[in-house]
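So the structure is just underneath, and the comments pick up after that.
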Amino acid sequence: MSNSSPDSSRNTRCRIFLDSELQTGQEVVIPSDQAHYLRHVMRLNNGDALTVFNGRGGECLASISSLTKAQASLRVDAFVNVIRELPMAVHIIQCANKSEKIETVLQKCTELGAAGFQIADSERSQFKLPEGKREARLERWRKIIIEAAEQSGRTIIPDLAYRASLKEVALQPQAYVLHPEAATPFSDIRDGIASAAGISLAIGPEGGFSERDLQLLQEAGCRSLSFGPRIMRTETAAPALLAAVAAVL
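Going by the numbering used here, the first residue of the sequence shown is number 10, and it counts up by one from there.
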């Protein structure tokens, strides 16, 4: 695969994710829903340029070789070895809330560079995801993540998992649980963040963590962390804390 300079993708008109191998010179048939998006939303035509990526690093410059009402194909013209990811994996553990609040967290934290998400049931979660509806909801959430990655220039698609209990969450080497009464402020951990092999940030539901859930996370290795004297909404907390972490990496 040939390389192009990172700046050469700046002039393309849109950017889409394709879950397939991408090789220079390759013709790729794209799904009908994306063909509809290119034709009717972006108003592209044969020969128009776009950027494609497969979530495995870098992205490709491409051009539309065929575009009809039902399908489309494109030609991969060049690979761009661009890096826009955070230098460290930061994972979000978000306790389950109303679906629209979860969707806000997924969208904004993807834009900010989160490496992955775990949506976990907790004692005070107001949103429960029955097993029979779980896969459909996860698929919707994955689409939100992909759309945010397309828009924000991400080259990696964040992971997504659902945990039926906080006992099931997987933690990175440094893990923090946000709690308004914690004795440790964010300023105390700022200098140590850059040397971490990976970070987990746990955010409670709308009613906050119960004592039992807070104890579960602390016993698993999470340190309680305060992020100022104000109480944030659950959909505000994760993006705010992630942005602060990203700023010091």
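For each residue, glycine too, the CB sits at the ideal point set by N, CA and C.
It should be emphasised that the depicted structure is a prediction, and the values quoted were computed from it without experimental measurement.
Beta-bridge partners assigned by DSSP to serine 82: Val38 and Ser75. Rounded to the nearest whole angstrom, the CA to CA distance from glutamine 43 to threonine 113 is 23 Å. Around the C-beta of asparagine 54, fewer than 16 other C-beta atoms lie within 10 Å, and the residue is accordingly described as exposed.
Between lysine 117 and the set Pro248, Ser29, Asp168 and Val254, the nearest pair of CA atoms involves Pro248. If only uninterrupted beta strand (DSSP E) runs of at least 3 residues are considered, those enclosed by the region 98-142 are 99-104 and 125-129. In the DSSP assignment, phenylalanine 26 forms a beta bridge with Phe62. Counting only the Cα atoms, isoleucine 165 lies some 10 Å from threonine 119. A direct Cα-to-Cα measurement between glutamine 135 and glycine 56 gives close to 49 Å. Under the DSSP assignment, leucine 210 falls in the beta strand (DSSP E) whose first and last residues are 208-212. By the criterion of a C-beta distance shorter than 7 Å, leucine 121 is surrounded in its chain by Pro248, Leu251, Ala252 and Ala255, once the five residues flanking it on both sides are discounted.
For glutamate 156, the secondary structure class from DSSP, reduced to helix, strand or coil, is helix. One alpha carbon belongs to arginine 199, the other to arginine 65, and they sit about 29 Å apart.
Of Asn106, Glu156, Ile128 and Arg172, the smallest CA-CA separation from glycine 216 is found for Asn106. Sixteen is the threshold: since fewer than 16 other Cβ atoms of the shown chains lie within 10 Å of the Cβ of alanine 173, the residue is exposed. Contact between cysteine 23 and methionine 51 holds, since their C-beta atoms are separated by about 5 Å, short of 8 Å. Only residues of its own chain outside the window of five on either side were considered, and among them Val99, Gln181 and Gln183 have a CB closer than 6 Å to the CB of isoleucine 208, listed in chain order. As the crow flies, the alpha-carbon of leucine 210 is around 10 Å from that of glutamine 127.
Proline 194 sits in a strand when the DSSP states are folded into three classes.
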